[in-house]
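Undergrad: Under our numbering, the letters of the sequence shown match residues 4 to 300, in that order. Okay, here's the structure, questions in a sec.
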Amino acid sequence: MAASGGGVAQQAELRRIEGNACFKKARLGAAIDCYTEASTPHLPSPRLSFISLITAIALCPDVAVYWMNRALCHFKRKEWAKVEEDSRRALALDDTLVKGHYLLGCALLDKEEFTLAIKEFEKALNLLKSSSSTDTMAEDIWQVLAKAKYLDWEKHSTERVWRIQSLKEACESALQEHHFLSGTLVEDSDGSSNEYSEQIKLLSEVFSKAALADTPVDVPDYLCCQITFEIFRDPVITPSGVTYERAVLLEHLDKVGNFDPVTREPLKEHQLVPNLAIKEAVQAYLKEHSWAYRLNC
């Protein structure tokens, strides 16, 4: 006799719980089997081959968490193609899964599809912000987001440097040819610089300025936390007027004491106010200087 709908769901949940237990013990193969069987509870075999399980799971693709759990197992194994496949399946069923977007982003990052990976990480962070969840994934997501944005900048920066250098050389050649044909290539009789050398100097200055945007420098102090010296992510300001990174300051209040680290004035968590002006300034700075993400990677 076929199991009732409720019985099938109960079997599936038991397999999920068993899979979680296997996952915690780092028995990833067993966990994968359990999560797959949770999606196909009508199959009697307790240990199907992984290849047949991939086919079997497609028969009941309506429980997003099972796909996501299996994707997490593949993530631990660094099986990125399978991470992408299962996380996409999970998100097709429930697009609000923070871990689903995070896992898909990691798979895309491994493929060096930086723009798409960034979108997934940003979706994950936005979902965390819009919920009342106290999920501790925010730090993990931020780290891979920063890595993706830095690598994306690095890739495009290399391309820009090559294009700028090629253009500079073409301009120099054109100037040299122009002055050669006009007879103004040699220095003046008194040894002073002529028009050609002045134009070459000016050209060099123009291209040097063009390269500044891709040249890492020290981040302005006002954009960095006074405790970690890293660029802000979630800045908060105290009654004393000092701005800190929220998570770092909360850790200080919890482990060190209820006082401002710089001014030593008494301080409680409820007194902290988001510093939106600094946050906007940081976002604007990172948009123009993506190399700064490396400081937080």
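Ideal placement from N, C-alpha and C gives every residue a C-beta, glycine not left out.
1. Among all the DSSP beta bridges, which residues are the ones paired with Pro277?
2. Could you tell me which residues DSSP puts in a beta bridge with Pro269?
3. Can you name the residues that DSSP bridges to Glu248?
4. Work out the CA separation of Leu75 and Ile281 for me, nearest whole Å.
5. To the nearest angstrom, report how far apart Asn261 and Thr139 are at their CA atoms.
6. Does the contact criterion of 3 or more C-beta pairs under 8 Å hold for the region 256-273 versus the region 126-136?
7. Report the option in Asp97, Ala110 and Arg249 whose CA atom is closest to the CA atom of Thr81.
8. Would Ile203 and Leu178 be called neighbours here (beta carbons separated by less than 8 Å)?
9. Taking the alpha carbon of Phe78 as the reference point, which residue from Phe210, Leu96, Asp65 and Leu112 has its own alpha carbon closest?
10. Thr246: which of His104, Glu291 and Asn278 sits nearest, CA to CA?
11. By the three-class DSSP mapping on this structure, what secondary structure does Cys227 have?
12. So Asp65 packs on Leu106, CB below 8 Å; how close in whole Å?
13. Return helix, strand or coil for Leu206, following the three-state DSSP convention.
14. Compute the distance between the beta-carbons of Val239 and Val209, then report whether it is under 8 Å.
15. Roughly how many angstroms lie between the CA atoms of Ser133 and Val101, to the nearest whole one?
16. DSSP three-state label for Asp155, please.
17. Determine the DSSP secondary structure at Val101, reduced to helix, strand or coil.
18. Quick test of the definition: if touching needs 3 or more C-beta pairs under 8 Å, does the region 157-167 touch the region 213-231?
19. Alpha carbon to alpha carbon, what distance is there between Leu119 and Ala67?
20. Nearest-angstrom Cα distance between Glu254 and Ser207?
21. Whose C-alpha, out of Lys212, Lys152, Glu198 and Ala151, is nearest the C-alpha of Ile327?
22. Looking at the structure shown, is Met71 part of a helix, part of a strand, or coil, going by DSSP?
23. Could you tell me the distance, in whole angstroms, from the CA atom of Tyr296 to the CA atom of Glu116?
24. Kindly indicate which residue of Ser293, Ser243 and Glu283 has the alpha-carbon position closest to the one of Lys271.
25. What separation, rounded to the nearest whole angstrom, lies between the Cα atoms of Leu170 and Glu233?
26. Exposed or buried, Asp155, counting other C-beta atoms within 10 Å across all chains shown (16 or more means buried)?
27. Taking DSSP as the reference, what is the three-state secondary structure of Ser195?
28. Using a Cβ-Cβ cut-off of 8 Å (strictly less than) and excluding sequence neighbours within five positions of Thr1, which residues of its own chain qualify?
TA: In short, the structure shows the following:
1. As a first step, residue 277 must be located in the sequence shown, where it is residue number 274. Checking the DSSP bridge columns, you'll see Pro277 partnered with Val239.
2. In the sequence shown, residue 269 corresponds to position 266, counting from 1. Per DSSP, Phe262.
3. Counted from its first residue, the sequence shown places residue 248 at position 245. DSSP lists Pro238 as the beta-bridge partner residues of Glu248.
4. Counting from 1 along the sequence shown, the entry for residue 281 is found at position 278. Counting from 1 along the sequence shown, the entry for residue 75 is found at position 72. The straight-line gap separating the alpha-carbon atoms of Ile281 and Leu75 is approximately 36 Å.
5. As a working mapping, residue 261 is identified with position 258 in the sequence shown. As a working mapping, residue 139 is identified with position 136 in the sequence shown. If you take the alpha carbons of Asn261 and Thr139, they lie about 23 Å apart.
6. With the cut-off at 8 Å, the region 256-273 and the region 126-136 do not touch.
7. If you number the sequence shown from 1, residue 81 lands on position 78. Going by the sequence as given, residue 81 is Lys instead of Thr. When each option's Cα is compared against that of Lys81, the closest is Ala110.
8. The residue labelled residue 203 in the question sits at position 200 within the sequence shown. The residue labelled residue 178 in the question sits at position 175 within the sequence shown. Against a cut-off of 8 Å, the Cβ pair of Leu178 and Ile203 comes out as a contact.
9. For the purposes of this step, residue 78 is identified with residue 75 of the sequence shown, where counting begins at 1. Each of Phe210, Leu96, Asp65 and Leu112 was checked against the Cα of Phe78, and the nearest Cα belongs to Leu112.
10. Working through the sequence shown from its first residue, we reach residue 246 at position 243. Nearest of His104, Glu291 and Asn278 to Thr246, Cα basis: Asn278.
11. Counting from one through the sequence shown, the residue named residue 227 turns up at place 224. Note: Cys227 maps to strand in three-state DSSP.
12. Here residue 65 refers to the residue found at position 62 when the sequence shown is read from its first residue. Here residue 106 refers to the residue found at position 103 when the sequence shown is read from its first residue. About 19 Å; that fails the 8 Å criterion.
13. Here the question's residue 206 lines up with position 203 in the sequence shown. It is helical.
14. By 1-based counting over the sequence shown, the position of residue 239 is 236. By 1-based counting over the sequence shown, the position of residue 209 is 206. No, the pair does not count as a contact, with Cβ atoms beyond the cut-off.
15. Along the sequence shown, read from residue 1 onward, the residue named residue 133 stands at position 130. Along the sequence shown, read from residue 1 onward, the residue named residue 101 stands at position 98. CA-CA distance, Ser133 to Val101, rounds to 11 Å.
16. Mapped onto the sequence shown, residue 155 falls at position 152. Asp155: helix per DSSP, three-state reduction.
17. Start at 1 with the first residue of the sequence shown, and residue 101 comes out as number 98. In this structure, Val101 counts as helix in the three-state DSSP scheme.
18. Below 8 Å, enough C-beta pairs join the region 157-167 and the region 213-231 to call them touching: three or more.
19. Looking up residue 67 in the sequence shown gives position 64. Looking up residue 119 in the sequence shown gives position 116. Put simply, the backbone Cα of Ala67 is about 21 Å away from that of Leu119.
20. Taking the first residue of the sequence shown as position 1, residue 254 is located at position 251. Taking the first residue of the sequence shown as position 1, residue 207 is located at position 204. For Glu254 and Ser207, the distance between alpha carbons rounds to 49 Å.
21. The requested residue 327 does not occur in the structure, where the chain is confined to residues 4 to 300.
22. Residue mapping note: residue 71 aligns to position 68 of the sequence shown, counting from 1. Three-state result, Met71: helix.
23. Position 293 of the sequence shown holds residue 296. Position 113 of the sequence shown holds residue 116. A direct Cα-Cα distance of roughly 17 Å separates Tyr296 from Glu116.
24. Mapped onto the sequence shown, residue 271 falls at position 268. Minimum Cα distance to Lys271 is reached at Ser243.
25. Reading the sequence shown from its first residue, position 167 is the one you call residue 170. Reading the sequence shown from its first residue, position 230 is the one you call residue 233. Between Leu170 and Glu233, the C-alpha separation is close to 36 Å.
26. Position 152 of the sequence shown, counted from the first residue, corresponds to residue 155. Classification of Asp155: buried, given that the 10 Å Cβ count is 16 or more.
27. Reading the sequence shown from its first residue, position 192 is the one you call residue 195. Unreliable positioning characterises Ser195 in this predicted model, as indicated by a pLDDT of 48, which lies under 50. A coordinate reading is not provided.
28. No information on residue 1 is available, as it lies outside the stretch 4 to 300 that the chain covers here.
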